[in-house]
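Asks:
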Amino acid sequence: MASSIFRPLLNCRRHLPGLLNNAVNLNISLNQKQSLIRYSSTYKAALLHEYGQNLILEDMTRNILKSNEVRVAVHSCGVNASDRLMVENLYDHPVKRPFVPGFEVCGEVLEVGSDVKTVVTGTRVIGLNKVALGGFAEECVLDENDVFMVDHAVCFDAGAALADCYSTALLALNRRAQIKEGDTVLITAAAGGLGLAAVDLASSVYRAKVIGVCGTEGKADLVRQKGAWAALKYNEKHVLQKVKEVTDGKGVDVVFDAVGGDVFNTALDCVAHEGKVVVAGFASRVVPHIETSRLLPKAISIMGLSLTRYHESDFAVYRQAVEDVIELHEMKLINPHICARFKLDETDKAFDFIKERRSMGKVVLEMD
Ligand SMILES: NC(=O)c1ccc[n+]([C@@H]2O[C@H](COP(=O)([O-])OP(=O)(O)OC[C@H]3O[C@@H](n4cnc5c(N)ncnc54)[C@H](OP(=O)(O)O)[C@@H]3O)[C@@H](O)[C@H]2O)c1
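Okay, so the sequence shown: first residue is 1 according to full-length UniProt numbering, each after it adds one.
Structure below.
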């Protein structure tokens with residue numbers, strides 16, 4: 001039986017003002033009131049019924065928590081490139097319909113299962129799980145292991161924009177590429193959610209000399225503001241020239257690529273002797289194929305990573321990465337850039353915004 005500590009009643013009023021008032025009027029016990037709220041009230045969620053169609057806002061009823069679960073009142077949820085791919089059935093694997101997308105939330109704990117030890121009702125948390133989903137909603141249920149406590153000074157939008165991209169970038173730069181202070185780093189899709197996180201971490205935490213590559217001058221401005229030494233638009237000749245100039249002809253120590261396709265090929269030509277290339281994503285949807293003979297002359301190491309796979313294969317490392325980025329954010333060393341905010345009934349607009357490559361950094365849904 002779940003040891004349900006429930007969010008203060010004040011917070012539940014937005015779900016069930018009528019019933020709550022009736023409960024008060026009937027002068028029933030607190031436990032009865034809590035049960036009434038938990039089982040009878042509904043919350044709004046954006047559901048995908050048919051791939052490629054708009055999400056539909058619906059009233060959902062709550063399920064009883066399992067002993068290891070945490071119910072979170074979602075205040076903000078990150079909207080990511082992969083959310084859109086899941087909705088359009090272009091993701092690595094089809095997600096079973098109907099489903100509520102969204103895997104990166106920030107909010108407050110409403111209720112905890114009987115075995116939950118690390119958070120209590122009212123704790124401000126980030127929730128991250130690319131398999132469980134359910135974040136495009138006023139509430140979601142997560143395993144305790146997928147919930148991370150954050151300081152009350154962390155605003156909900158920043159909390160919903162931090163964990164996925166920054167943890168991926170941290171694992172890529174630190175664990176995989178073993179970046180060092182003063183290294184030169186070429187980052188592609190540098191104004192995207194993941195790229196800008198990599199720019200921020202590499203410049204602000206590792207004091208690396210970052211060259212960011214992106215689609216427009218406006219985006220390049222933002223990349224420079226985030227700390228990049230240089231930022232420029234995609235153009236093979238210009239990129240090679242700039243890398244030569246910044247590195248005194250040596251090439252970069254690290255490439256962080258989230259685009260793939262031709263951009264990856266250009267980036268590979270920019271690597272220094274014994275340089276490293278981290279494959280982090282394929283925003284272009286083109287997976288590049290290379291001749292391994294290209295790696296020999298400059299003794300290049302090429303490596304990849306998937307945050308989701310770390311969750312499955314090395315949970316301790318995964319969890320530590322997320323906790324580290326939360327701490328770095330709380331120390332004000334890193335800060336996700338949020339370019340646009342949408343409401344829960346505007347998910348189609350949020351997806352179009354990302355699809356049209358208008359986003360810079362992160363997009364969030366706000367529930368309040
Ligand atoms: N490895 C992991 O665990 C992990 C984690 C998060 C994300 N990812 C992956 O990393 C990639 C980027 O994710 P994100 O969150 O940064 O996405 P995002 O915020 O949508 O940014 C992607 C950026 O890629 C650039 N881009 C270049 N060529 C493009 C093309 N042909 N079509 C669309 N965009 C293009 C766009 O910027 P410009 O207009 O400036 O070119 C776009 O803003 C995605 O493939 C995502 O699935 C991987």
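Backbone N, C-alpha and C define an ideal beta-carbon position, used for all residues, glycine too. All of these numbers come straight from a predicted model, not from anything done at the bench.
By Cβ distance below 8 Å, which residues in the same chain neighbour residue 49 in space, the five residues on each side in sequence not counted?
Replies: 56, 97 and 98, listed in sequence order.
Asks: Does DSSP put residue 331 in a helix, in a strand, or in coil?
Replies: In the structure shown, residue 331 sits in coil (DSSP, three-state: anything other than H, G, I, E or B).
Asks: For residue 337, name the three-state secondary structure that DSSP assigns.
Replies: If DSSP states are grouped into helix, strand and coil, residue 337 belongs with coil.
Asks: Measuring alpha carbon to alpha carbon, tell me which of 121, 113, 134 and 51 ends up nearest residue 76.
Replies: Ranking the options by Cα distance to residue 76, first place goes to 134.
Asks: For residue 123, collect the residues of the same chain with a Cβ closer than 8 Å to its Cβ; drop the 5 residues on either side in sequence, then sort them by chain order.
Replies: 108, 109 and 149.
Asks: Quick one: grab the DSSP three-state call for residue 26.
Replies: The pLDDT assigned to residue 26 is 33, lower than 50, so where the model puts this residue is not dependable, and the model offers no usable value.
Asks: Return the residue from the list 269, 121 and 262 that minimises the CA-CA distance to residue 254.
Replies: Nearest option by C-alpha distance: 269.
Asks: In whole angstroms, give me the CA-to-CA distance for residue 63 and residue 222.
Replies: If I take the Cα positions, the gap works out to 43 Å.
Asks: Beta-carbon within less than 7 Å of residue 203's beta-carbon, same chain only, minus the 5 sequence neighbours each way: which residues are those?
Replies: Cβ neighbours of residue 203 beyond the five flanking positions: 210, 226, 227 and 228.
Asks: Report the rounded CA-to-CA distance for residue 263 versus residue 275, giving the unit in angstroms.
Replies: Spanning the two alpha carbons is a distance of roughly 17 Å.
Asks: What are the start and end residues of the beta strand (DSSP E) that includes residue 107?
Replies: Element bounds for residue 107: 104-112.
Asks: Return no unless some Cβ of chain C is closer than 8 Å to the Cβ of residue 308.
Replies: In summary, chain C is missing from the structure at hand, where a single protein chain is found.
Asks: Out of 198, 309, 72 and 352, which one is the CA nearest neighbour of residue 81?
Replies: Considering only alpha carbons, the answer is 352.
Asks: DSSP has residue 61 in a bridge; who is on the other side?
Replies: Partner(s): 42.
Asks: What's the call for residue 114, buried or exposed, on a 16-neighbour Cβ count within 10 Å?
Replies: The residue is exposed, with fewer than 16 neighbouring Cβ atoms inside 10 Å.
Asks: Rounded to the nearest angstrom, how far is the Cβ of residue 248 from that of residue 208, given a contact under 8 Å?
Replies: The Cβ separation is near 16 Å, so there is no contact.
Asks: Can you list, in chain order, the residues of its chain whose CB lies under 7 Å from that of residue 28, leaving out five sequence neighbours each side?
Replies: Caution is warranted here: a pLDDT of 34 is assigned to residue 28, below 50, making its placement in the model unreliable, and the coordinate value is therefore given only provisionally. So the list is empty, once near-sequence residues are dropped.
Asks: Would you say the beta carbon of residue 259 comes nearer than 7 Å to a heavy atom of ligand 1?
Replies: Residue 259 Cβ: within cutoff of ligand 1.
Asks: Is residue 80 near ligand 1 - that is, is its Cβ less than 7 Å away from at least one heavy atom of it?
Replies: Yes, the Cβ of residue 80 comes within 7 Å of a heavy atom of ligand 1.
Asks: Taking its Cβ as the centre, do 16 or more other Cβ atoms sit within 10 Å of residue 30, making it buried, or is it exposed?
Replies: A caution first: residue 30 carries a pLDDT of 35, below 50, which makes its placement in the model too unreliable to give a value.
Asks: Just the Cα atoms here: how many angstroms apart are residue 189 and residue 196?
Replies: Between residue 189 and residue 196, the C-alpha separation is close to 8 Å.
Asks: Check whether the Cβ of residue 282 sits closer than 7 Å to any heavy atom of ligand 1, and report yes or no.
Replies: Yes.
Asks: In three-state DSSP terms, what is residue 358?
Replies: If DSSP states are grouped into helix, strand and coil, residue 358 belongs with coil.
Asks: To which residues does DSSP link residue 187 through a beta bridge?
Replies: Answer is 212 and 256, bridged to residue 187.
Asks: Measure the CB-CB distance between residue 70 and residue 147 and report whether it falls below 8 Å.
Replies: Yes, Cβ-Cβ distance for residue 70 and residue 147 is below 8 Å.
Asks: Between which two residues does the beta strand (DSSP E) carrying residue 293 extend?
Replies: Element bounds for residue 293: n/a, residue is neither H nor E.
Asks: Is residue 181 helix, strand or coil when you go by DSSP?
Replies: Looking at residue 181 - three-state DSSP - the assignment turns out to be coil, as it is neither helix nor strand.
Asks: At the level of alpha carbons, what is the spacing between residue 167 and residue 324?
Replies: If you take the alpha carbons of residue 167 and residue 324, they lie about 8 Å apart.
Asks: Measuring straight from C-alpha to C-alpha, what distance separates residue 281 and residue 129?
Replies: Approximately 18 Å, taken between the alpha carbons.
Asks: Return helix, strand or coil for residue 367, following the three-state DSSP convention.
Replies: In the structure shown, residue 367 sits in coil (DSSP, three-state: anything other than H, G, I, E or B).
Asks: Residue 230 and residue 198: beta carbons closer than 8 Å?
Replies: Their beta carbons are not under 8 Å apart, which means residue 230 does not touch residue 198 by this criterion.
Asks: Can you pull the DSSP bridge partners for residue 126?
Replies: Partner(s): 106 and 148.
Asks: Once you ignore the five residues that flank residue 219 on each side, which residues in its own chain have a CB closer than 7 Å to its CB?
Replies: Excluding residues within five positions, the ones whose Cβ falls inside 7 Å are 191 and 360.
Asks: With distances taken from CA atoms, which of 136, 272, 169 and 258 is nearest residue 252?
Replies: Of the listed residues, the one whose Cα sits closest to residue 252 is 272.
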